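Take 41 as the starting number for the sequence shown in my numbering and just add one per residue.
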Amino acid sequence: MRILASLEVPGRGTIISQPVFVQWRWYNYLRVLPIWALVVFFLVVPKENRNRQAWLILIPIGVLLGIMYMPATSALMSPLTAEMVGFLIVSGVLAWGVVWLMGHWLGGGSRRRTFCLILVVMFAIGLLSCLCQFEDAEDMAPLLIVYGLCIFDLLLAMMIAGYFCRKKYTPQRFLGLSLLWTCMVAMGLAASFGILMIVTTFALQTAIIATVLIPLSLLLGGIIYLINLPFLVLAFNSHFYRRRLEQIFINDKGRLGEDDWHRLIDDVPLLTEPTLRPVAADDLVGRWQFYLDGVSKTVSIDFRPDGRFAQTISSNQGSVQQCPGGTWRLEGPKILMEGYITATEGTSQSRTWWMIDTPSGGLVLFGGDGSDAQSFFHMRHRRPWLG
Numbered sequence: 041m042r043i044l045a046s047l048e049v050p051g052r053g054t055i056i057s058q059p060v061f062v063q064w065r066w067y068n069y070l071r072v073l074p075i076w077a078l079v080v081f082f083l084v085v086p087k088e089n090r091n092r093q094a095w096l097i098l099i100p101i102g103v104l105l106g107i108m109y110m111p112a113t114s115a116l117m118s119p120l121t122a123e124m125v126g127f128l129i130v131s132g133v134l135a136w137g138v139v140w141l142m143g144h145w146l147g148g149g150s151r152r153r154t155f156c157l158i159l160v161v162m163f164a165i166g167l168l169s170c171l172c173q174f175e176d177a178e179d180m181a182p183l184l185i186v187y188g189l190c191i192f193d194l195l196l197a198m199m200i201a202g203y204f205c206r207k208k209y210t211p212q213r214f215l216g217l218s219l220l221w222t223c224m225v226a227m228g229l230a231a232s233f234g235i236l237m238i239v240t241t242f243a244l245q246t247a248i249i250a251t252v253l254i255p256l257s258l259l260l261g262g263i264i265y266l267i268n269l270p271f272l273v274l275a276f277n278s279h280f281y282r283r284r285l286e287q288i289f290i291n292d293k294g295r296l297g298e299d300d301w302h303r304l305i306d307d308v309p310l311l312t313e314p315t316l317r318p319v320a321a322d323d324l325v326g327r328w329q330f331y332l333d334g335v336s337k338t339v340s341i342d343f344r345p346d347g348r349f350a351q352t353i354s355s356n357q358g359s360v361q362q363c364p365g366g367t368w369r370l371e372g373p374k375i376l377m378e379g380y381i382t383a384t385e386g387t388s389q390s391r392t393w394w395m396i397d398t399p400s401g402g403l404v405l406f407g408g409d410g411s412d413a414q415s416f417f418h419m420r421h422r423r424p425w426l427g
């Protein structure tokens, strides 16, 4: 609510009203307790989030709300401005935190489905936050419009950045693309709004779009990116949220991570003896992958019909190593390889792997990556397991 100071001017009988600047107190955040309850709910209830790393989401949330608290307490904002800025930032930050906690449900489908689901979730949280903070519908409508445009900008930029990082993904590349597209989408929205106003109401001049709306949209895009930045830093430094980033935005079904490995390993037999079934080259040709938990790396092997193979090693930190590759030949259920680069030691070695049966009737490769006895693995074929 706007607070006004009144001053009666002697001899005129008039009153001059000016806004009184007050501090944004910590208890102003209590009005969004239902949103905090959602954050706590998705931290505690889903079994996928019963992991100590899941609680790291509170770090970017706390950092952003703390940064917002400092300028709000500097007595430079009117109460009304503080309310509006507080709604946009607090609602957006908490809603974005909920999205990361719901990543195991929201990701994995098509990009269009994921985009629509996240947009609905974030807008619903914003609407709930608005109902908690404002009583006047006239105040709610414009705020919800601005909030909706901001989350649309954020989500579309993240989706586009993830799309261009499908084949070549590094944290630096994702950061750069997300910054670029956050500003580009904001400019597009501002230009569309200006053109719409010119066509429908003639309330704007064309020059205003270039001199006012576009610079303001770039500023808004930069602010949105800075709000998203702590979440991205967390995702690049936490295996738990790195997998969420890949599941939601990059959606690279070719990268096999620790969570996928533990899910798929349930079908691996206890016995590791070579299969007694005849194994042909067609059973081997294609991409195979395994995950080494000790070094947090995914190894991909593409066996080619010409007797050669290509190898790629991807680390959880985002680096990708394209190995020279080598040759392979089949001797019964055993595969003899020359030129394999070990993920544990980084050296070129000869390897002998073999096919074993699974309870479901399929075949997996079994072998070792290096000299460490703990680096044995069961390798899954990409086609039946990862799409």
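Glycine included, C-beta positions come from ideal geometry on N, C-alpha and C.
Every value quoted in this text rests on a predicted model; they were computed, and no experiment measured them.
By a C-beta neighbour count over all protein chains shown, 10 Å radius and 16 as the cutoff for buried, is tryptophan 221 buried or exposed?
Buried.
Below 7 Å between beta carbons: does that hold for threonine 384 and aspartate 409?
Cβ atoms of threonine 384 and aspartate 409: closer than 7 Å.
Keeping to the same chain, check which residues put their C-beta closer than 6 Å to that of lysine 337; ignore five residues upstream and five downstream.
Closer than 6 Å at Cβ, skipping near neighbours: Ile353, Ser355, Ala383.
Quick one: Cα of proline 211 to Cα of threonine 240, how far?
Distance between the alpha carbons of proline 211 and threonine 240 is about 43 Å.
Can the beta-carbon of alanine 197 be found less than 7 Å from the beta-carbon of isoleucine 165?
No, Cβ-Cβ distance for alanine 197 and isoleucine 165 is not below 7 Å.
In its own chain, which residues sit with a C-beta less than 8 Å from the C-beta of leucine 195, not counting the 5 before and 5 after it?
Result list for leucine 195: Phe155, Ile158, Leu159, Met162, in chain order.
Determine the burial state of valine 84: buried for a count of at least 16 other Cβ atoms within 10 Å of its Cβ, exposed for fewer.
Per the 10 Å Cβ criterion, exposed.
For alanine 201, which residues from the same chain have a beta carbon less than 6 Å from its beta carbon, with the 5 sequence-adjacent residues on both sides left out?
Taken in chain order, the residues that qualify are Phe214, Leu217, Ser218, Trp221.
Whose C-beta lies closer than 7 Å to the C-beta of serine 114 among residues of the same chain, with five residues either side of it excluded?
Confidence is the limiting factor: at serine 114 the pLDDT is only 46, short of 50, which leaves the residue's position unreliable and the question unanswerable from this model.
Go to valine 339, then tell me how far its beta strand (DSSP E) extends in each direction, as first and last residue.
Here the beta strand (DSSP E) through valine 339 covers 337-343.
Quick one, are the C-beta atoms of glycine 147 and glutamine 287 less than 7 Å apart?
Yes, the Cβ-Cβ distance between glycine 147 and glutamine 287 is below 7 Å.
Going by the beta-carbon positions, is the gap between leucine 189 and cysteine 170 smaller than 7 Å?
Going by C-beta atoms, leucine 189 is not nearer than 7 Å to cysteine 170.
Assuming glycine 372 and valine 325 form a contact by the criterion Cβ under 8 Å, report the distance between their Cβ atoms to the nearest whole angstrom.
Glycine 372 to valine 325, Cβ: 17 Å. No contact.
Assign tyrosine 187 to one of three DSSP states: helix, strand, or coil.
If DSSP states are grouped into helix, strand and coil, tyrosine 187 belongs with the helices.
Under a three-way DSSP split, which group does threonine 154 fall into?
In the structure shown, threonine 154 sits in a helix (DSSP, three-state: H, G or I).
Taking only beta-carbon positions, decide if tyrosine 331 is within less than 7 Å of chain B.
Protein chains in the displayed structure number just one, and chain B is not present.
What is the DSSP secondary structure of threonine 398, counted as helix, strand or coil?
Correct three-state label for threonine 398: coil.
With a cut-off of 8 Å on the beta carbons, I'd call phenylalanine 82 and methionine 180 a contact; round off their distance for me.
In fact, because the Cβ distance is near 25 Å, the residues do not count as touching under 8 Å.
Measure from the alpha carbon of tyrosine 281 to the alpha carbon of each residue in Val360, Arg327, Arg71, Leu98, then state which is nearest.
Per the Cα distances, Leu98.
So, valine 138 versus leucine 78, is the Cβ gap smaller than 7 Å?
Against a cut-off of 7 Å, the Cβ pair of leucine 78 and valine 138 comes out as a contact.
Who does tryptophan 76 pair with in a DSSP beta bridge?
Looking at the DSSP assignment, tryptophan 76 forms no beta bridge with any residue, so it has no partner.
Hey, phenylalanine 343 and glycine 365: beta-carbon distance below 7 Å or not?
No, the pair does not count as a contact, with Cβ atoms beyond the cut-off.
Where does glutamine 93 land, buried or exposed, given buried means 16+ other C-beta within 10 angstroms?
Burial call: exposed.
Quick check: what's the CA-CA separation for methionine 41 versus cysteine 172?
Its pLDDT being 37, under 50, methionine 41 is placed unreliably in this model, and the coordinates cannot settle the point.
Rounded to a whole number of angstroms, what is the C-alpha to C-alpha distance between arginine 295 and valine 252?
In this predicted model, arginine 295 has a pLDDT of only 45, less than 50, meaning its place in the structure is not dependable; the value taken from the coordinates is given anyway. Answer to the nearest angstrom: the Cα atoms are 44 Å apart.
For serine 354, name the three-state secondary structure that DSSP assigns.
The answer is strand: DSSP assigns serine 354 an E or B state.
Can you name the start and end residues of the alpha helix (DSSP H) that glycine 228 belongs to?
From DSSP, the alpha helix (DSSP H) with glycine 228 extends over 211-240.
Regarding isoleucine 191 and the ligand MG, is the C-beta to nearest heavy atom distance less than 6 Å?
Only the bare structure without any ligand can be found here, which leaves the ligand MG out of the picture.
Since isoleucine 290 contacts cysteine 205 with CB under 8 Å, what's their CB separation in whole angstroms?
That pair is a contact at about 6 Å.
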